[in-house]
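Visitor: With UniProt numbering, the residue at position 113 of the sequence shown is 113, and numbering never jumps. For every residue, glycine included, the Cβ atom is placed at its ideal position computed from N, Cα and C. Keep in mind the model is a prediction, meaning the values are calculated, not measured. Next up is a structure, given as structure tokens.
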Amino acid sequence: MTEANDIKDHNPNSHHGQEHQVVTQGMAVANGIETSVSSRNDRHVDIGGHRIIVSAWNYPAQNGRIPIVFLHDSLGAIDLWRDFPAQSVAYSGHPVIAYDRAGFGRSAPHPSKLGHGFVRDEACSSLLPLMNHFGIEKAILFGHSVGGGMAISAAAQFPDRIAAVITESAQAFVEERTLEGIRAAKKSFADPEQLARLARYHGNDLKKAQWVLDAWTETWLSPEFANWSLEEDLRKLQCPVLAMHGDLDEFGSEQHPKMIASLPSAFEGQGEYVMFKDCGHVPHREKPELVLDTVADFLRRHFPE
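See below:
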């Protein structure tokens with residue numbers, strides 16, 4: 001999920017009509033030290049019958065480190081991560097890959113309505129085929145909001161392919177606080193200007209933006225989705241798990257990171273969670289250095305050089 005204010009305060013770069021695009025090499029700052037980050041590489045890939053856009057930073061890594069695959073939120077896209085992927089490379093040393101899910105961002109429009117099993121389905125429909133396409137044997141998954149749920153479900157289904165799961169503001173079940181936040185967001189998007197801002201991140205296409213919005217609000221608010229939960233998937237996890245959450249998150253209480261950290265008992269030490277003070281639903285935007293430090297520390301402990 002993405003706050004309305006998160007949509008309206010940024011102008012995405014235009015990438016339309018390009019098979020491959022390389023963004024100029026630059027510098028990222030980690031703990032006050034400038035670190036060279038190789039150029040961002042964008043490409044279209046046909047995955048599961050859908051044409052999706054994929055961006056990569058420092059991939060493949062010369063240091064042989066496991067790549068981190070980013071999974072965006074319910075209204076998200078690669079461009080809404082802004083410079084966070086490049087910063088993640090600088091802080092952690094791990095390469096990063098991000099993609100726009102089918103129907104989102106600069107990927108092709110989705111041909112049908114989003115199904116109620118979309119969180120679990122993402123692993124087979126896009127994530128695993130994408131990993132196979134790029135020759136990624138194992139990945140660390142970083143998921144924001146519903147992307148965190150997708151990361152957990154993917155790790156449960158394919159434990160031999162997922163080395164670790166990092167969630168940010170993820171929902172583990174349908175909470176009334178979550179539904180209240182969605183209802184408020186849906187009301188705000190009744191303003192045509194808000195939908196137009198959302199469309200900037202989804203091909204400048206109002207019809208596509210409306211599909212993205214409906215895929216979020218109508219799915220989560222439907223009676224058929226009321227009993228959705230990650231409990232079963234969490235109990236199957238066999239990898240390290242980090243759940244990060246803001247104490248002011250309008251889309252979920254601290255019960256979500258607590259549940260994510262406590263249930264994967266198959267992994268020794270279970271999971272761990274971190275609560276960020278005075279932080280809402282987008283910690284990587286609101287507290288970037290804190291998020292980057294937390295993630296880098298987690299990765300250093302579990303994947304030492």
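Please report how far the alpha carbon of V244 lies from the alpha carbon of G48, in whole angstroms.
Guide: In the sequence as presented, Val is not what sits at residue 244; that position holds Met. Cα to Cα, M244 sits roughly 31 Å from G48.
Visitor: Can you name, in chain order, every residue of its own chain whose Cβ lies under 7 Å from the Cβ of F158, other than the five neighbours on each side?
Guide: These residues qualify, in order along the chain: A123 and L128.
Visitor: With a 10 Å radius around its C-beta and 16 neighbouring C-beta atoms as the bar for buried, classify P304 as buried or exposed.
Guide: Exposed is the call here.
Visitor: In whole angstroms, what separates the C-alpha of V146 from that of N41?
Guide: Rounded to whole angstroms, V146 to N41 spans 25 Å at the Cα level.
Visitor: Which residues bound the alpha helix (DSSP H) around A261?
Guide: Where A261 is concerned, the enclosing alpha helix (DSSP H) stretches over Q255 to S262.
Visitor: Which same chain residues end up closer than 6 Å to A61 when comparing Cβ atoms and leaving out the 5 residues on each side of it in sequence?
Guide: Only P95 meet the Cβ criterion.
Visitor: Tell me the start and end of each unbroken alpha helix (DSSP H) in the region 170–227 that is at least 4 residues and wholly inside, in chain order.
Guide: As far as the region 170–227 is concerned, its whole alpha helix (DSSP H) runs of at least 4 residues are 176–188, 192–199 and 206–220.
Visitor: Measure the alpha-carbon distance for A156 versus K187 and round it to whole angstroms.
Guide: Their backbone Cα atoms lie some 35 Å apart in a straight line.
Visitor: Rounded to whole angstroms, what is the Cα-Cα separation between A215 and A226?
Guide: About 15 Å.
Visitor: I need the boundaries of the beta strand (DSSP E) containing residue 315, first residue and last residue.
Guide: Lying outside 1 to 305, the shown extent of the chain, residue 315 is not represented and no answer is given.
Visitor: Quick one: grab the DSSP three-state call for S74.
Guide: The answer is coil: DSSP assigns S74 none of H, G, I, E or B.
Visitor: Per DSSP, what kind of secondary structure is S55 in: helix, strand or coil?
Guide: Strand.
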